[in-house]
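Each remark here refers to the structure printed beneath this line.
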Amino acid sequence: MRRRTGTVLALAALSGAMLAGCTPEAPVETTPPTSAAPTVSEEEARAAWEAYQAALSDAGAEPEGASLDQLEAVASSELARQQFESFEQAAALGARVEGERSTQNFRFQAGALEAAVCVDISSERLINASGEDITPSDQAGQLSRVVSFASEDSRLLVSADRSHESSDGSDPCSAS
2 MRRRTGTVLA LAALSGAMLA GCTPEAPVET TPPTSAAPTV SEEEARAAWE AYQAALSDAG
62 AEPEGASLDQ LEAVASSELA RQQFESFEQA AALGARVEGE RSTQNFRFQA GALEAAVCVD
122 ISSERLINAS GEDITPSDQA GQLSRVVSFA SEDSRLLVSA DRSHESSDGS DPCSAS
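For our numbering, count along the sequence shown from 1 and bump the result up by 1.
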């Protein structure tokens, strides 16, 4: 019983990162954009975000098949490595994510190369190696995210994906 409890607790801890599509990270220091900052349209940023979300969904559904190359195609090397480590942990525990996620709101700030995003994860479930749904009962149905973008090798990639924490009413999920 103790071994199973430990496994369930480990899977529950991992579920937050898998369901959110990110791993916890230290606060990111941002620098003001320079005049040489790339010009990016909202459509390009949204396409980069959707490609990133699709890669995370694919890797979450089959974490044992996740590849670093697959993640580096849509995310910066650092973020891709962080995500890949989460999927390796999930694969080792036999966990996977079932269900669909969708972007409910996407507010892009071109000058900052950032977007405030609301992601609906209400239909996602964390499934353990035995096929049991171990989704935390207090899982939020929506996630407020702040996403940063970077241009690498003429590709627009997601470079940071962190929780949106604001007390000024700018929560992207409150407007959807």
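Just so you know, even glycine gets a beta-carbon here, dropped at the ideal spot from N, CA and C.
Tell me, please, which residues DSSP counts as bridged to Glu153. Answer is Arg156, bridged to Glu153.
Using the Cβ count rule (16 or more neighbours within 10 Å means buried), how would you classify Glu65? Using a 10 angstroms sphere on the CB of Glu65, the tally of other CB atoms stays under 16, which defines it as exposed.
Going by C-alpha distance, which of Ser42, Glu43, Glu45, Val75 is nearest Ala56? For Ala56, the nearest C-alpha among the options comes from Val75.
In angstroms with no decimal places, state the Cα-to-Cα distance between Cys174 and Ser103. In this model, Cys174 and Ser103 are separated by some 12 Å (Cα to Cα).
Between the alpha carbons of Thr35 and Pro137, how many angstroms are there, rounded? For Thr35, the predicted structure reports a pLDDT of 49, less than 50, and the residue's modelled location is therefore unreliable. The matter cannot be settled from this model.
Return helix, strand or coil for Ser123, following the three-state DSSP convention. Looking at Ser123 - three-state DSSP - the assignment turns out to be coil, as it is neither helix nor strand.
Below 8 Å on the Cβ atoms is my contact criterion, and I expect Phe85 with Leu94 to pass it. Report the Cβ-Cβ distance as a whole number of Å. Contact doesn't hold; Cβ gap of about 15 Å is too wide.
Residues near Ala27 in its chain [Cβ-Cβ closer than 6 Å; skip 5 each side]: Bear in mind that the predicted position of Ala27 carries a pLDDT of just 46, short of 50, making it unreliable; the figure below should be weighed with that in mind. Excluding sequence neighbours, Ala27 sits near nothing in its chain.
Quick one: Cα of Ser124 to Cα of Glu79, how far? The alpha-carbon atoms of Ser124 and Glu79 are separated by roughly 29 Å.
With DSSP collapsed to three states, give me the class of Asp134. The DSSP-derived three-state label of Asp134 is strand.
Return helix, strand or coil for Ala60, following the three-state DSSP convention. Of the three classes helix, strand and coil, the one that applies to Ala60 here is helix, per DSSP.
Once the 5 residues before and after Cys23 are set aside, which same chain residues still bring their CB inside 6 Å of it? In this prediction, Cys23 scores a pLDDT of 47, lower than 50, which makes its location untrustworthy; the coordinate-derived value is nonetheless stated afterwards. So the list reads Asp162, once near-sequence residues are dropped.
On the DSSP bridge list, what partners appear for Thr104? The secondary-structure analysis by DSSP pairs Thr104 across a beta bridge with Val120.
Are Ile128 and Gly142 touching if we call contact CB-CB under 8 Å? Cβ distance not < 8 Å, so Ile128 and Gly142 don't count as in contact.
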